[in-house]
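J.: According to the working numbering, the stretch in the sequence shown is residues 130 to 298, in order. All C-beta atoms in this analysis are idealised placements derived from N, C-alpha and C, irrespective of residue type, glycine included. I'd like to ask some things about the structure below.
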Amino acid sequence: MKRRTAIRNFGVIAGGVLVLPYACTFSAEMVYKNFPLVKLKEQELIGKICNCILAEDPINFPTPESRIQFVLTMINDCGSQNEISILIGGLEAFESALSPTHETDFNTLTKEEQSEFIGIHFKEKTLVTDFLNLMKKYSLLHFESSENYLTQYLNFEFMPGRYFGRVTI
Numbered sequence: 130m131k132r133r134t135a136i137r138n139f140g141v142i143a144g145g146v147l148v149l150p151y152a153c154t155f156s157a158e159m160v161y162k163n164f165p166l167v168k169l170k171e172q173e174l175i176g177k178i179c180n181c182i183l184a185e186d187p188i189n190f191p192t193p194e195s196r197i198q199f200v201l202t203m204i205n206d207c208g209s210q211n212e213i214s215i216l217i218g219g220l221e222a223f224e225s226a227l228s229p230t231h232e233t234d235f236n237t238l239t240k241e242e243q244s245e246f247i248g249i250h251f252k253e254k255t256l257v258t259d260f261l262n263l264m265k266k267y268s269l270l271h272f273e274s275s276e277n278y279l280t281q282y283l284n285f286e287f288m289p290g291r292y293f294g295r296v297t298i
């Protein structure tokens, strides 16, 4: 009797282990209230764009969250309605400027081609330029809010009013 139970449990566990990789995704998709139609694929594209504008350096300048999480959270929570519309419209305009028929993907380009494409669109005055300027603004804010940048380059102290103790007058 116990042998049958053990074999049945083994079969259930083996089946669960085989199904687990297909049922679970290890990258969580963040859903933002102000732009719920920006799915995981678009979020990854925004992350690539932000890292192409300003490369993320988690070793020298660690931050509590990744750049893409910071940028999207800041636009969602603190961004005006204009910035949200620039994000949504600019993302669509960026994808259509890259390839009007959506044949090529931003990930298929090399780093040099990505930088060149973004550099060309920074010089123009279109919706894509506004989108890239928005990404640049929040990417810089993410970098400037890292602890190492604040303490090493700006000499920022997290506790104001340093106490010196006994000091000769």
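Put Asp234 into one of helix, strand or coil per three-state DSSP.
T.: In the structure shown, Asp234 sits in coil (DSSP, three-state: anything other than H, G, I, E or B).
J.: Out of Gln210, Thr233, Thr258, which one is the CA nearest neighbour of Leu220?
T.: For Leu220, the nearest C-alpha among the options comes from Thr258.
J.: With 16 as the cutoff for other CB atoms within 10 Å, does Gln281 come out buried or exposed?
T.: Per the 10 Å Cβ criterion, exposed.
J.: Given that a residue counts as buried once 16 or more other Cβ atoms are within 10 Å of its Cβ, and exposed if not, what is Ser209?
T.: It is exposed - the Cβ of Ser209 has fewer than 16 other Cβ atoms within 10 Å.
J.: Would you say Phe199 and Ser275 are within 8 Å of each other, going by their C-beta atoms?
T.: Cβ distance not < 8 Å, so Phe199 and Ser275 don't count as in contact.
J.: Specify the secondary structure class of Met203 as computed by DSSP and reduced to three states.
T.: The answer is helix: DSSP assigns Met203 an H, G or I state.
J.: Would you mind reading off the limits of the alpha helix (DSSP H) that contains Gly248?
T.: First-last of the alpha helix (DSSP H) with Gly248: 240 to 252.
J.: Excluding five sequence neighbours on each side, which residues of the same chain lie with their C-beta closer than 8 Å to the C-beta of Pro172?
T.: It should be pointed out that residue 172 corresponds to Gln in this sequence rather than to Pro. Excluding positions up to five away in sequence, the list reads Glu158, Met159, Ile197, Leu201.
J.: Measure the C-alpha to C-alpha separation of Ala143 and Leu166 and round it to an integer number of angstroms.
T.: Straight-line Cα distance between these residues: approximately 37 Å.
J.: Starting from Asn262, trace the alpha helix (DSSP H) in both directions and tell me its first and last residue.
T.: Run containing Asn262: 256 to 273, per the alpha helix (DSSP H) assignment.
J.: Kindly list the residues whose CB is nearer than 7 Å to the CB of Ala184, restricted to its own chain and excluding five residues on each side of it in sequence; keep chain order.
T.: Taken in chain order, the list of residues that qualify is empty.
J.: Taking its Cβ as the centre, do 16 or more other Cβ atoms sit within 10 Å of Glu212, making it buried, or is it exposed?
T.: Buried.
J.: With a cut-off of 8 Å on the beta carbons, I'd call Cys179 and Ser268 a contact; round off their distance for me.
T.: At roughly 5 Å, the Cβ-Cβ gap stays under 8 Å, so Cys179 and Ser268 are in contact.
J.: For Tyr161, which of Asn205, Leu174, Arg132, Thr255 has the nearest alpha-carbon?
T.: Nearest of Asn205, Leu174, Arg132, Thr255 to Tyr161, Cα basis: Asn205.
J.: Within the continuous alpha helix (DSSP H) that includes Lys177, where are the two ends?
T.: 169 to 182 is the extent of the alpha helix (DSSP H) around Lys177.
J.: If you measure between the beta carbons of Ala222 and Phe246, is that distance less than 8 Å?
T.: Cβ distance not < 8 Å, so Ala222 and Phe246 don't count as in contact.
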